[in-house]
Structures are given as structure tokens and as C-alpha cells.
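I have placed the structure first, in the form of C-alpha cells, so that the comments after it can refer back to it.
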Ligand code: RIB
Ligand code: CA
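In the working numbering, the protein residues as written are 1104 to 1414.
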């Protein structure tokens, strides 16, 4: 059993990640912490509560986090995730109360309580994770690792940017936070655009239509979440679910270890995750990130079908 804290900016693919995480016996979600990203924090936090109530996980603490990046002005991706952040899905107004602990307090409390049994999972901007590291610089020694959906590492032909030519949105949204995280000593596993946008690892139109033919309530939610994006982008990139799937079963993934640092000054390169690939500079002990470079597509997509849509 892996104990996780799910830090998230729900978000259509975050919603699929919720459905997967809470339907995986290998995981125990200790808390959900929310961060501004895809939509503003108020919307994202409410979406997290709506999803917990839909799933029936109302005993899981939901903690408020950063309402803006550490330094930058707030931006959002509503053009992709829709005004509410959940596509065309309509879920009831939540009754769930916000936990009295904020995101940083929860992360630090669970790190002290669970230690190496705790995996931090961040599927939105890294603002909360950076804030937790600033509050407790010993956090990297306390927890097992941080698994993120984030980065564009240019290790596969798909590892290009989506927020700009070279940067992935979660990192781009708060590059200073990402720089703190990647230089903190926290062991990081990254599901970047290199694999989350790989055509073999996406939800294809055929897979979407298969889900559309299923009539259970989870499949209907997935259809309402994804339908406009599937039409617009000829399928759907399973960004955040890929990070969750890694925690569920790392044997489905091949990773390569590199030193990664962040570009925070560039005009064209804001949020670029710069990978040290020069063979004469690839110093083992400096490598801070295990980057996913390959996915066992049949096993990954079966996991999505069985657990994101399954009862
Ligand atoms: O670039 C994809 C990431 O940005 C995903 O986490 C998505 O939810 C958005 O936050
Ligand atoms: Ca996200």
C-alpha cells in the first residue's frame, strides 16, 4: 500500500486521475491538496470536492493551497478545461468542508507521520510543493519521492512544449516553484509531455467511443469531461493519469535518470526543463529526476479502461 498526497488543479485530466487513484487498491490517498493552475483556486478547490463526493471519498481531507504562483501573476487554461475546469461535466454543488489544515500544513504533517511510506504526487503547478520545501527543508529526507505530471524533456519526439515551444504548462505556470523543487534534493519521477502526448499512450477516438458505449455513471462522467477535447484534438492526452499509473505500477514504465534544472529568465524559454544530456557531464550523483521515456501501452490503457471507467 502506497500512501499518497494528491496535489492537483482539477482540471479534466486531473479528474480522470482522481477516478484512477481512488479506484486503485495499491494506493491510499491520505489527502487532496489544491493549487491554482488550470482554473483559479476557488474553482479548482470546488472541483476537488465535487470529485471526492462523486467518488464517495468524503472522508479524505481536502486542503486549500496556493491561489497564485510564488512570483508570477496567475494565468489559467480555461480555454482547454472549460469555464468550470471540468469540461462539460455537471456535478452537484459540494457539501464537503475544507480541512482546517492548508496544503503545506497537511504535506508536512503527513511527512512527519508517514515518512518514507509517503509519496507526494503533484499533477498541477508545483507551488504547494515548493512552499512545503521552503517551510521544511528536511522534507526531501523524510518522504519517499515526488511523482509529477510535468516537464517537456525533449527525450522523445513528443517532448516539446504545450505552454510555449519548450515548456509544459504545470512547470511554465510557476517556474520559480519548479526550480526550488528540482533543486531541493527531493527524488523526482516525472511524467512529461515526452510520453503523455505520445500517440500510442493517449486515449484514441476509438477508445473514447468504447467508453461512450458503456453506460455506467463513471463512463458518462468521462464522456462529459472529455468529449469536446476528443473532438478538437483527435483523442485525449492522459497527462495526469499517467503520473498516477506510475505510482500504481511502476513496472509499466521505463525511466532514464538525468539532472534537470529550470529556465526562469528566458523570454521564449520560460519554464523550460533543461536536461543535462552531455555524456561528459552526466554525473550520476547530480541526477535528480527519473524521466519516463517509455510506457507499456496495452497495460496502461487497460488500467485506464478498467479503473477510470470501471465500477
Ligand atoms: O500540461 C498538462 C498539465 O497541465 C496537466 O496536469 C493538466 O491538468 C494541466 O494542469
Ligand atoms: Ca493537472
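Even glycine gets a Cβ: it sits at the ideal position worked out from N, Cα and C.
From the DSSP output, in three-state form, read off residue i for me.
| i | result |
| --- | --- |
| residue 1407 | helix |
| residue 1211 | helix |
| residue 1232 | helix |
| residue 1145 | helix |
| residue 1122 | helix |
| residue 1400 | helix |
| residue 1194 | coil |
| residue 1189 | coil |
| residue 1256 | coil |
| residue 1392 | strand |
| residue 1365 | strand |
Along the chain, where does the alpha helix (DSSP H) that runs through residue i open and close?
| i | result |
| --- | --- |
| residue 1349 | 1342 to 1351 |
| residue 1226 | No alpha helix (DSSP H) holds residue 1226; DSSP gives it neither H nor E. |
| residue 1291 | Not the alpha helix (DSSP H): residue 1291 falls in the beta strand (DSSP E), residues 1291 to 1294. |
| residue 1244 | 1242 to 1245 |
| residue 1328 | 1320 to 1336 |
What span of residues does the beta strand (DSSP E) with residue i cover, start to end?
| i | result |
| --- | --- |
| residue 1252 | 1248 to 1252 |
| residue 1315 | That residue, residue 1315, is in no beta strand (DSSP E); its alpha helix (DSSP H) goes 1308 to 1316. |
| residue 1356 | 1356 to 1361 |
| residue 1105 | 1105 to 1111 |
| residue 1131 | 1130 to 1137 |
| residue 1378 | 1376 to 1378 |
Shortest alpha-carbon distance to residue i belongs to which of the options?
| i | options | result |
| --- | --- | --- |
| residue 1271 | 1287, 1347 and 1293 | 1293 |
| residue 1409 | 1278, 1368, 1109 and 1313 | 1313 |
| residue 1452 | 1255, 1244, 1339 and 1257 | Since the displayed the chain opens at 1104 and closes at 1414, residue 1452 lies outside it and no answer follows. |
| residue 1295 | 1151, 1261 and 1324 | 1261 |
| residue 1249 | 1322, 1199 and 1284 | 1284 |
| residue 1221 | 1134, 1152 and 1184 | 1134 |
| residue 1199 | 1192, 1164 and 1254 | 1164 |
| residue 1148 | 1129, 1189, 1130 and 1176 | 1189 |
| residue 1197 | 1316, 1348, 1315 and 1155 | 1155 |
| residue 1368 | 1245, 1291, 1218 and 1277 | 1277 |
| residue 1182 | 1331, 1364, 1394 and 1387 | 1331 |
Are the C-beta atoms of residue i and some chain E residue less than 9 Å apart?
| i | result |
| --- | --- |
| residue 1194 | The chain labelled as chain E is not found in the depicted structure, where only one protein chain is given. |
Evaluate contact between the region 1157 to 1171 and the region 1130 to 1144, counting only Cβ atoms and requiring at least three cross-stretch pairs below 8 Å.
yes
At least three beta-carbon pairs within less than 8 Å, the region 1125 to 1141 to the region 1151 to 1159:
yes
If contact is defined by three or more beta carbon pairs under 8 Å, each pair taking one atom from either stretch, is the region 1296 to 1310 in contact with the region 1367 to 1376?
no
Tell me, please, whether the region 1402 to 1410 touches the region 1350 to 1358 by the rule of three or more beta-carbon pairs shorter than 8 Å.
yes
Three or more C-beta pairs under 8 Å: does that hold for the region 1107 to 1122 against the region 1227 to 1234?
yes
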